[in-house]
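Numbering (the working numbering), first residue to last: 246 to 327.
Think of the CB as a built atom: it goes at the ideal place given N, C-alpha and C, for glycine as much as any other residue.
Okay, structure first, notes after.
So, in structure tokens, the structure goes:
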């Protein structure tokens, strides 16, 4: 199965448009692009993104099951019920 590749900017744009299901995506990450973002309730199950900075990011109620996240910085991120 080929993964949908999206940029951080596209993820944020779609999230702002009330999309929450990003399961299985391959996020093309750029440094600090997701820090201090509100991603409450996002579905990132089975997604893949590495070397990401999620400093002070709200991931409460997020579905991270099966997500491949290596070399992540999650300083002060909200992971409650994630």
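{"Check": "When DSSP labels each residue in this structure, what does residue 259 get in the three-state scheme?", "Outcome": "helix"}
{"Check": "Would the beta-carbon of residue 268 fall within 8 Å of that of residue 284?", "Outcome": "no"}
{"Check": "Between residue 322 and residue 306, is the Cβ-Cβ spacing less than 8 Å?", "Outcome": "no"}
{"Check": "Within this structure, are the beta carbons of residue 291 and residue 311 separated by less than 8 Å?", "Outcome": "yes"}
{"Check": "Are the Cβ atoms of residue 325 and residue 302 separated by less than 8 Å?", "Outcome": "no"}
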